[in-house]
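One structure is given here, and the rest of the page talks about it.
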Amino acid sequence: GAGVSQSPRYKVAKRGQDVALRCDPISGHVSLFWYQQALGQGPEFLTYFQNEAQLDKSGLPSDRFFAERPEGSVSTLKIQRTQQEDSAVYLCASSLVVGEPYFGPGTRLLVL
Amino acid sequence: QKEVEQDPGPLSVPEGAIVSLNCTYSNSAFQYFMWYRQYSRKGPELLMYTYSSGNKEDGRFTAQVDKSSKYISLFIRDSQPSDSATYLCAMSGGGSYIPTFGRGTSLIVHP
Chain V
831 GAGVSQSPRY KVAKRGQDVA LRCDPISGHV SLFWYQQALG QGPEFLTYFQ
881 NEAQLDKSGL PSDRFFAERP EGSVSTLKIQ RTQQEDSAVY LCASSLVVGE
931 PYFGPGTRLL VL
Chain W
83 QKEVEQDPGP LSVPEGAIVS LNCTYSNSAF QYFMWYRQYS RKGPELLMYT
133 YSSGNKEDGR FTAQVDKSSK YISLFIRDSQ PSDSATYLCA MSGGGSYIPT
183 FGRGTSLIVH P
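Here it is in structure tokens:
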């Protein structure tokens, strides 16, 4: 079926606003990853889910960042009280437990 | 020093050239190695996925892994202008399936 989808594709937020970014993984994929990509850099790990369990959140930059995957499928990355340094592309990827991750198109966040 | 090092380029080659892209890494536990292609304003697209050392070929692309040197390569034969993109290496292992990425190499193939 379809690949990984993300929404919205673009988000402009005012500093201090809360945002929610959605990821729909490939059907049947157990693992889900969130990455942050700054301009000219490689993706930096944020957090990892296996089904609904958040097994690693060591990459989340602050307690303003929160991710969930309550039913083991769709995931949401929430950023509270956005700041200008949060401006980046947020990438979601999914995979089988052991296997290559497939990425979505990303959400481009701009905080003004 | 980052776990995965990758020269950002840009690497500029003429159409038809053989391109060599490389990454070095420091974590000897890495076992899974990936190459992604990323066009501007798009998500990374998986090109190659290999386990442990050795070579893997897929069409014009060949991936090589040398674990003894902690060095991986991606070769592109008969390069085309449509290959112009950023190439990201990634790797995982040591009990973790979370890929660690290099910063990417920008490739420009000019006609």
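Residue numbers (the working numbering), protein chains in the order written: chain V, 831 to 942; chain W, 83 to 193.
Using N, Cα and C, we set each Cβ at its ideal position, and we do this for glycine too.
Are the C-beta atoms of residue i and some chain C residue less than 9 Å apart?
| i | result |
| --- | --- |
| Y153 (chain W) | Absent from the structure is chain C; the protein chains it does hold are V and W. |
Whose C-beta lies closer than 7 Å to the C-beta of residue i among residues of the same chain, with five residues either side of it excluded?
| i | result |
| --- | --- |
| P96 (chain W) | H192 |
| G98 (chain W) | D160 and S161 |
| R142 (chain W) | I158, R159 and D160 |
| G889 (chain V) | E874, F875, L876 and T877 |
Return the CA-CA distance between residue i and residue j, expressed in angstroms with no decimal places.
| i | j | result |
| --- | --- | --- |
| R185 (chain W) | M116 (chain W) | 13 Å |
| E127 (chain W) | Q120 (chain W) | 6 Å |
| R839 (chain V) | P935 (chain V) | 8 Å |
| T182 (chain W) | G846 (chain V) | 30 Å |
| Q863 (chain V) | A167 (chain W) | Residue identity check: residue 863 (chain V) is Phe in the sequence provided, not Gln. Approximately 23 Å between the Cα atoms of the pair. |
| T106 (chain W) | G833 (chain V) | 30 Å |
| F157 (chain W) | Y131 (chain W) | 14 Å |
| T912 (chain V) | S94 (chain W) | 38 Å |
| K84 (chain W) | I154 (chain W) | 16 Å |
| D893 (chain V) | L921 (chain V) | 19 Å |
| K841 (chain V) | S151 (chain W) | 43 Å |
| A145 (chain W) | D848 (chain V) | 42 Å |
| I100 (chain W) | L869 (chain V) | 27 Å |
| N104 (chain W) | Q914 (chain V) | 33 Å |
| T937 (chain V) | V919 (chain V) | 5 Å |
| M173 (chain W) | G136 (chain W) | 15 Å |
| S110 (chain W) | K844 (chain V) | 43 Å |
| Y179 (chain W) | S164 (chain W) | 31 Å |
| C88 (chain W) | S102 (chain W) | Residue 88 (chain W) is actually Gln in this sequence, not Cys. Answer to the nearest angstrom: the Cα atoms are 12 Å apart. |
Distance cutoff 9 Å, beta carbons only. Does residue i sit that close to anything in chain W?
| i | result |
| --- | --- |
| Q957 (chain V) | As shown, chain V starts at 831 and ends at 942. That puts residue 957 (chain V) outside it, with no answer to give. |
| D886 (chain V) | yes |
| E882 (chain V) | no |
| V834 (chain V) | yes |
| E874 (chain V) | yes |
Is there a Cβ of chain V sitting closer than 9 Å to that of residue i, yes or no?
| i | result |
| --- | --- |
| K124 (chain W) | yes |
| M116 (chain W) | yes |
| V147 (chain W) | no |
| P193 (chain W) | no |
| G186 (chain W) | yes |
| S75 (chain W) | The shown model of chain W, from 83 to 193, leaves out residue 75 (chain W), and the question about it has no answer. |
| E139 (chain W) | no |
| Q162 (chain W) | no |
| I190 (chain W) | no |
| L156 (chain W) | no |
| A172 (chain W) | yes |
| T182 (chain W) | yes |
Take residue i and list the residues in its own chain whose beta-carbon comes closer than 8 Å to its own, dropping the five residues that flank it on each side.
| i | result |
| --- | --- |
| L926 (chain V) | G858, H859, V860 and S861 |
| S917 (chain V) | L939, L940 and V941 |
| E882 (chain V) | R899, P900, E901 and G902 |
Beta-carbon within less than 6 Å of residue i's beta-carbon, same chain only, minus the 5 sequence neighbours each way: which residues are those?
| i | result |
| --- | --- |
| K887 (chain V) | T877 |
| V904 (chain V) | D854 |
| K908 (chain V) | A850 and F896 |
| L885 (chain V) | Y878 |
| S188 (chain W) | G91, P92 and T168 |
Just checking residue i against the ligand COA - is the residue's beta carbon closer than 8 Å to any of the ligand's heavy atoms?
| i | result |
| --- | --- |
| E127 (chain W) | With respect to small molecules bound, the structure shown includes none, and the ligand COA cannot be examined in it. |
Item to check | Cβ-based contacts, 7 Å cut-off: residues of the stretch 836-863 of chain V near chain W | outcome: S861 and F863
Checklist entry - Which residues, in chain order, does the stretch 924-937 of chain V contribute to contact with chain W at a C-beta distance below 9 Å? => result Within the stretch 924-937 of chain V, the residues whose Cβ lies closer than 9 Å to any Cβ of chain W are, in chain order, S925, V927, V928, G929, E930, P931, Y932, F933, G934, P935 and G936.
Checklist entry - Mind pulling the alpha helix (DSSP H) runs of 4 or more residues that sit fully within the stretch 135-175 of chain W? => result none
Checklist entry - When Cβ atoms are compared, which residues of the stretch 97-109 of chain W fall closer than 8 Å to chain V? => result Of all residues in the stretch 97-109 of chain W, none has a Cβ within less than 8 Å of some Cβ in chain V.
Checklist entry - Using a beta-carbon distance cut-off of less than 9 Å, what residues from the stretch 899-927 of chain V approach chain W? => result The residues in question are V919, L921, C922, A923, S925 and V927.
Checklist entry - Where are the beta strand (DSSP E) runs, 3 residues long or more, that stay fully inside the stretch 885-924 of chain V, in chain order? => result 895-898 and 905-909
Next on the checklist: Give the list of continuous beta strand (DSSP E) stretches no shorter than 3 residues that lie fully inside the stretch 832-885 of chain V.
Outcome noted: 835-837, 840-843, 849-854, 861-867 and 874-880
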